[in-house]
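Colleague:
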Amino acid sequence: QVRLVESGGGLVQPGGSLRLSCAASGSIFSLYAMNWYRQALGKERGLVAMITHGGRRNYADSGKGRFTISRDNAKNTVNLQMSSLKPEDTAAYYCNTGGSGGCWGQGTQVTVSS
Numbered sequence: 001q002v003r004l005v006e007s008g009g010g011l012v013q014p015g016g017s018l019r020l021s022c023a024a025s026g027s028i029f030s031l032y033a034m035n036w037y038r039q040a041l042g043k044e045r046g047l048v049a050m051i052t053h054g055g056r057r058n059y060a061d062s063g064k065g066r067f068t069i070s071r072d073n074a075k076n077t078v079n080l081q082m083s084s085l086k087p088e089d090t091a092a093y094y095c096n097t098g099g100s101g102g103c104w105g106q107g108t109q110v111t112v113s114s
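Numbering (this note's numbering), first residue to last: 1 to 114.
1) Less than 8 Å separating the beta-carbons of N73 and S114?
2) Would you mind stating whether M50 and I28 have Cβ atoms separated by less than 8 Å?
3) On a Cα-Cα basis, can you pick out the residue from K43, G42, E44, R71 that is closest to R56?
4) Alpha carbons only, please: which of T111, Y93, V110 is nearest the one belonging to W104?
5) In the structure shown, what three-state DSSP assignment does G63 receive?
6) Taking the Cβ atom as the reference point for each residue, do Q81 and R19 lie within a distance shorter than 8 Å?
See below:
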């Protein structure tokens with residue numbers, strides 16, 4: 001079982017940037033694909049970005065060109081750098097491995113508002 005703990009959320013103005021981090025327990029972190037999901041109030045949770053164990057990245061259309069996912073296998077962390085943030089990026093952001101049936105962090109709130 002992998003334990004995931006997110007950090008880095010907060011309030012940011014439109015156009016600003018935030019860096020989310022997810023710390024994972026477990027000695028085989030490097031073998032897992034890692035995902036960032038988000039869920040806005042009243043909406044379904046959706047995939048934002050994913051990175052394979054080998055470093056291949058994919059993004060939802062909403063984040064392409066603005067979000068960058070990265071991982072540090074030595075530190076067991078996966079990060080989501082978000083820039084040019086928009087009010088519609090406001091959501092709880094969750095770190096995940098294994099998809100909907102896998103392991104989830106507790107989430108970190110991102111609020112984009114002036």
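Think of the CB as a built atom: it goes at the ideal place given N, C-alpha and C, for glycine as much as any other residue.
Modeller: In brief:
1) Locating residue 73 in the sequence shown gives position 73, counting from the first residue. Locating residue 114 in the sequence shown gives position 114, counting from the first residue. Cβ atoms of N73 and S114: not closer than 8 Å.
2) Residue numbering aside, residue 50 sits at position 50 when the sequence shown is read from its first letter. Residue numbering aside, residue 28 sits at position 28 when the sequence shown is read from its first letter. Between M50 and I28, the gap from beta carbon to beta carbon reaches 8 Å or more.
3) Locating residue 56 in the sequence shown gives position 56, counting from the first residue. Closest by alpha carbon: R71.
4) Counting from one through the sequence shown, the residue named residue 104 turns up at place 104. Comparing Cα positions, the closest option is Y93.
5) Taking the first residue of the sequence shown as 1, we reach residue 63 at position 63. Three-state result, G63: coil.
6) To locate residue 81, count along the sequence shown from 1; it is residue 81. To locate residue 19, count along the sequence shown from 1; it is residue 19. If you check the CB distance, Q81 and R19 come in under 8 Å.
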